Amino acid sequence: MKSILQRNTEECFLCHTTRDLHWHHVYEGSRRQASERHGFVVRLCARHHNMSDDSVHGNEELNRRLKRLCQRVYERTHTREEFMEIIHRNYL
Ligand SMILES: [Zn+2]
Ligand SMILES: [Zn+2]
Numbered sequence: 000m001k002s003i004l005q006r007n008t009e010e011c012f013l014c015h016t017t018r019d020l021h022w023h024h025v026y027e028g029s030r031r032q033a034s035e036r037h038g039f040v041v042r043l044c045a046r047h048h049n050m051s052d053d054s055v056h057g058n059e060e061l062n063r064r065l066k067r068l069c070q071r072v073y074e075r076t077h078t079r080e081e082f083m084e085i086i087h088r089n090y091l
């Protein structure tokens with residue numbers, strides 16, 4: 000998989016550890032496949048993925064921050080309309 004948020008996906012996006020890595024889809028549910036196709040994914044260690052209160056699945060604020068960041072990065076090279084066609088929601 001390729002990530003638009005991360006050049007090196009062999010480390011955790013948040014703490015840079017190289018152990019115990021998971022792929023996280025920034026936009027999930029029905030938008031999971033679209034997230035993969037467009038690189039809206041990041042590599043996270045277990046702790047930052049879903050194994051603690053500091054994880055993107057355990058901390059709603061962190062989750063939202065990642066969604067906003069991903070949209071912002073995508074819109075450096077694409078329009079808001081293009082983002083909306085893929086994700087159907089504006090986080091900014
Ligand atoms: Zn981590
Ligand atoms: Zn996840």
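Per numbering that gives the first Met the number 0, the very first residue in the sequence shown carries number 0; after that it's consecutive.
Just so you know, even glycine gets a beta-carbon here, dropped at the ideal spot from N, CA and C.
On a predicted model such as this, the values are computed, not experimentally measured, just so you know.
In terms of Cβ geometry, Arg-30 and His-24 form a close pair [threshold 9 Å]. With 7 Å as the limit, the residues whose C-beta approaches a heavy atom of ligand 1 more closely than that are Cys-11, Leu-13, Cys-14, Thr-16, Leu-43, Cys-44, Arg-46 and His-47, in chain order. Ranked by Cα distance from Glu-74, the options His-47, Glu-27, His-37 and Arg-42 are led by His-37.
A straight-line Cα-Cα distance of about 7 Å links Asn-89 and Met-83. Of the residues assessed, Leu-91 falls on the exposed side of the cut-off, its CB having fewer than 16 other CB atoms within 10 angstroms.
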